[in-house]
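In our numbering, the protein residues as written are 145 to 418.
Accompanying notes for the structure given below.
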Ligand SMILES: [Ca+2]
Ligand SMILES: [Ca+2]
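What follows is the structure, encoded as structure tokens:
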């Protein structure tokens with residue numbers, strides 16, 4: 145059959161436009177699909193759990209610990225795990241929790257979980273990582289310090305006044321919590337004249353909600369030194385050489401006078417800190 149040249153051209157144009165139409169809409173559809181995939185991924189990462197703090201800030205192997213975990217999307221977790229280990233982590237509770245006054249929800253999170261775990265006795269000193277798992281993915285690993293029982297001193301309440309301080313020896317790390325608004329923890333140490341005393345917190349650096357402030361007093365409750373933030377961190381540090389031998393008080397509290405289960409700290413009072 146004879147097919148006229150004009151009809152050829154017409155058909156070719158039709159074909160071309162059809163193709164162009166298909167390609168154009170194909171691109172639009174592809175674009176829409178990829179946009180929705182990207183936003184689905186964004187939405188998913190928005191819903192991934194985040195761990196900002198775990199209290200207490202240090203644990204010892206071979207002992208059962210109840211940990212208060214704070215962060216974002218923790219009310220939706222299905223489990224928690226310690227790195228790639230077989231350590232059993234029991235989730236006791238999970239829920240939304242209020243943001244403390246003067247604190248940014250993005251920094252301190254708005255949800256919490258209570259967990260229970262026991263590290264095997266042979267766990268080496270150093271750090272382990274905790275990971276929260278939900279249907280939307282896994283949190284970034286959060287580091288928890290592992291120490292020997294000998295290196296740590298548990299805070300003993302009541303220790304909230306000069307009349308009832310907690311006596312501690314130099315060179316140990318105190319594991320504590322500013323558990324209520326306006327709570328102050330008071331520790332007493334004995335220092336010899338000429339000794340350089342270093343008092344240091346590890347709290348904000350480890351994700352604690354606490355914004356610590358430290359004050360050093362002599363035995364007559366006169367202020368010797370104080371510090372809120374040190375070296376670009378909300379953590380505090382005091383370093384001073386004492387001219388008199390005797391008992392000294394160290395107090396720690398929150399800069400905003402807040403407190404709660406997620407206001408954990410490590411406090412080191414020593415004559416030298418490595
Ligand atoms: Ca306390
Ligand atoms: Ca501070």
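Cβ atoms here follow ideal geometry from the backbone N, Cα and C, with glycine treated the same way.
Which residue wins for smallest C-alpha separation from residue i, given the options the options?
i: residue 192; options: 198, 216, 206; result: 216
i: residue 260; options: 307, 224, 248; result: 224
i: residue 406; options: 213, 294, 338, 292; result: 213
i: residue 318; options: 394, 272, 232; result: 394
i: residue 284; options: 274, 249, 386; result: 274
i: residue 385; options: 348, 345, 250, 340; result: 340
i: residue 330; options: 305, 400, 321; result: 305
i: residue 387; options: 338, 398, 343; result: 338
i: residue 248; options: 235, 291, 196; result: 196
Is any non-hydrogen atom of ligand 2 found closer than 7 angstroms to the C-beta of residue i, if you look at the structure I gave you?
i: residue 412; result: no
i: residue 95; result: In this structure the chain extends from 145 to 418, so residue 95 is not present and cannot be described.
i: residue 395; result: no
i: residue 399; result: yes
i: residue 245; result: no
i: residue 229; result: no
i: residue 357; result: yes
i: residue 362; result: no
i: residue 373; result: yes
Can you grab the Cα-Cα spacing for the pair residue i / residue j, in whole Å?
i: residue 402; j: residue 277; result: 30 angstroms
i: residue 355; j: residue 379; result: 7 angstroms
i: residue 411; j: residue 335; result: 17 angstroms
i: residue 175; j: residue 190; result: Below a pLDDT of 50, predicted positions are generally treated as unreliable, and residue 175, at 48, falls in that range; the measurement from the model is reported next regardless. Answer to the nearest angstrom: the Cα atoms are 22 angstroms apart.
i: residue 315; j: residue 351; result: 23 angstroms
i: residue 179; j: residue 415; result: Caution applies to residue 179, whose pLDDT of 46 falls short of 50 and renders its modelled position unreliable; the value that the coordinates give is listed next. Residue 179 and residue 415: Cα-Cα distance of roughly 59 angstroms.
i: residue 404; j: residue 312; result: 23 angstroms
i: residue 211; j: residue 201; result: 9 angstroms
i: residue 265; j: residue 364; result: 44 angstroms
Name, in chain order, the residues that DSSP records as bridge partners for residue i.
i: residue 414; result: 342
i: residue 224; result: 276
i: residue 374; result: 377
i: residue 369; result: 360
Problem set entry | Neighbouring residues (CB closer than 6 angstroms to any heavy atom of ligand 1) | My final list is 299, 301, 320, 321, 322, 323, 327, 329.
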